[in-house]
Amino acid sequence: MDCFGALLLAMTAVAPVSPAHALDCAKAPARVDKVICASPSLRKADAAMSAAYFKLLRATTDREFHDALIRSQRRWLEVRSQGARGSQEDDDVEIAEREALLKVTRDRMKSLQTGELVRRMERQRGVASKDSGGAFAGYKTACYLLPPPHGWVYGCFGEGRRQNSDRICSVELTWATGHGTEYRTVSIVKDGAPKPVATCSIGYAETTERCPDADDDAELKANARWNTNPVPSNERPTPHASDLWKYDPDTSVELADQEWMRDCLSAATYPPADVNRADPAPKKP
Numbered sequence: 546m547d548c549f550g551a552l553l554l555a556m557t558a559v560a561p562v563s564p565a566h567a568l569d570c571a572k573a574p575a576r577v578d579k580v581i582c583a584s585p586s587l588r589k590a591d592a593a594m595s596a597a598y599f600k601l602l603r604a605t606t607d608r609e610f611h612d613a614l615i616r617s618q619r620r621w622l623e624v625r626s627q628g629a630r631g632s633q634e635d636d637d638v639e640i641a642e643r644e645a646l647l648k649v650t651r652d653r654m655k656s657l658q659t660g661e662l663v664r665r666m667e668r669q670r671g672v673a674s675k676d677s678g679g680a681f682a683g684y685k686t687a688c689y690l691l692p693p694p695h696g697w698v699y700g701c702f703g704e705g706r707r708q709n710s711d712r713i714c715s716v717e718l719t720w721a722t723g724h725g726t727e728y729r730t731v732s733i734v735k736d737g738a739p740k741p742v743a744t745c746s747i748g749y750a751e752t753t754e755r756c757p758d759a760d761d762d763a764e765l766k767a768n769a770r771w772n773t774n775p776v777p778s779n780e781r782p783t784p785h786a787s788d789l790w791k792y793d794p795d796t797s798v799e800l801a802d803q804e805w806m807r808d809c810l811s812a813a814t815y816p817p818a819d820v821n822r823a824d825p826a827p828k829k830p
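Below, the structure is given as structure tokens:
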């Protein structure tokens, strides 16, 4: 945990927000803490980022957004504490890491200063207000420092869910080898838990069940479909309600009112019969 992280984790949701303090580098135990403390430019950037965070937190009076910002910052600090070491072919790994940490810290400061994190949560609240909501609506996110060729950026991917009555419509974004894939899932709440009933995907790791789209040409329409016999995957497990954040200021998932999402949430049945097909059940070993 880095220096500012120790101060942040000492706070509670009900405690008054204190102004940011100077880093106490004499008590910096972690490797990345020491990298920050050894660099005047990094220490300055960390202090400026810290000040921007506390300023935004003081200005955020909505309790749900306030708490989400605290969780978000804890997560960002945890990711940064893992370091930013790239290829061992770098001429000077330590110099390269300092430059990467400086960039991501300044990027975080800018995102805190612009207020975009709060605006993103406001959009999420606006979208969720159109649904009945429920225990299985929200976001589950994993964040990383993405190395070159992406230039060391903080990226957050995962799943977003909307719930209307007992139907859950979700979007999951994954990132691998520099490419993104979007998975869509329709689930029904059964016996107190979500049961996936249809899946499809688009993007780099596109599966055999390519999501249908209104703009598809004839050839694509012939192959696009929802799979109405999805097989559970250990790689993409269904999140528990306790795993979900109601609002997530960092996620790349946008649960906007796309046509399929509107129909998924409101139609009597979904997906439509003309664009679904059940995969055969896997053979038992």
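With the numbering used here applied, the sequence shown closes on residue 830, and no number is skipped along the way.
By construction, the Cβ of each residue, glycine as well, lies at the ideal position given by its N, Cα and C atoms.
Predicted, not measured: the structure shown is a model, and the values here were computed from it.
What are the boundary residues of the alpha helix (DSSP H) that residue i is part of?
i: SER586; result: 585 to 604
i: PRO671; result: Checking the sequence, you will find Gly at residue 671 rather than Pro. Per DSSP, GLY671 belongs to the alpha helix (DSSP H) from 661 to 673.
i: LYS766; result: 763 to 768
i: CYS809; result: 804 to 811
i: ASP711; result: Run containing ASP711: none; DSSP gives neither H nor E here.
i: LYS579; result: 576 to 582
Nearest-angstrom Cα distance between residue i and residue j?
i: VAL776; j: CYS688; result: 26 Å
i: VAL663; j: LYS685; result: 18 Å
i: PRO782; j: GLY696; result: 30 Å
i: HIS566; j: ALA738; result: With a pLDDT of 47 at HIS566, under the threshold of 50, the modelled position of that residue is not reliable, and the figure given next carries that caveat. Between HIS566 and ALA738, the C-alpha separation is close to 45 Å.
i: ASP760; j: GLN803; result: 13 Å
i: ALA575; j: ASN768; result: 52 Å
i: HIS528; j: GLY703; result: Absent from the model: residue 528. The displayed extent of the chain is 546 to 830, so no value can be given.
i: CYS570; j: CYS582; result: 6 Å
i: ASN709; j: PRO694; result: 40 Å
i: LEU552; j: LYS572; result: Interpretation of LEU552 is limited by its pLDDT of 41, a score under 50 that renders its predicted location unreliable; the figure taken from the coordinates is listed afterwards. Answer to the nearest angstrom: the Cα atoms are 12 Å apart.
i: ASP736; j: ALA593; result: 49 Å
i: PRO692; j: LYS655; result: 20 Å
i: ARG603; j: SER674; result: 26 Å
i: PRO599; j: LEU646; result: Correcting the residue type first, residue 599 is Phe in the shown sequence and not Pro. PHE599 and LEU646: Cα-Cα distance of roughly 20 Å.
i: THR814; j: VAL820; result: 12 Å
i: GLU873; j: ASP758; result: Any answer about residue 873 is impossible in this case: the structure gives the chain only from 546 up to 830.
i: VAL638; j: VAL580; result: 12 Å
i: CYS745; j: LYS766; result: 14 Å
i: ASP676; j: GLU667; result: 15 Å
i: ASP578; j: ILE615; result: 20 Å
i: CYS756; j: ILE640; result: 45 Å
i: LEU861; j: THR605; result: Nothing about residue 861 can be read from this structure; the chain reaches only from 546 to 830.
i: ARG619; j: GLN627; result: 13 Å
i: ASP762; j: ALA721; result: 28 Å
i: GLU754; j: GLN669; result: 28 Å
i: ALA818; j: ASP607; result: 43 Å
Do residue j and residue i count as a contact pair if the criterion is CB distance below 8 Å?
i: ARG665; j: VAL649; result: no
i: ARG653; j: LEU810; result: no
i: VAL716; j: GLY723; result: no
i: ALA786; j: ALA680; result: yes
i: THR726; j: TYR749; result: yes
i: ALA714; j: MET806; result: It is Cys, not Ala, that sits at residue 714 in the sequence shown. Yes, Cβ-Cβ distance for CYS714 and MET806 is below 8 Å.
i: GLY660; j: LEU601; result: yes
i: PRO741; j: TRP771; result: no
i: ALA629; j: LEU690; result: yes
i: GLN658; j: ALA590; result: no
i: ILE733; j: ASP711; result: yes
i: GLU609; j: TYR792; result: yes
i: SER595; j: ASP795; result: no
i: TRP790; j: GLY678; result: no
i: ARG651; j: SER584; result: no
i: LEU718; j: SER797; result: yes
i: TRP621; j: TYR728; result: no
i: ALA743; j: THR773; result: yes
Using DSSP's beta-bridge definition, name the partner residues of residue i.
i: TRP720; result: GLY725
i: ALA738; result: LYS735
i: GLY621; result: Note on identity: in this sequence residue 621 is Trp, with Gly being the wrong assignment. TRP621 pairs with nothing; no bridge assigned.
i: CYS701; result: CYS688
i: SER746; result: TYR728, ARG755
i: GLY683; result: ARG706
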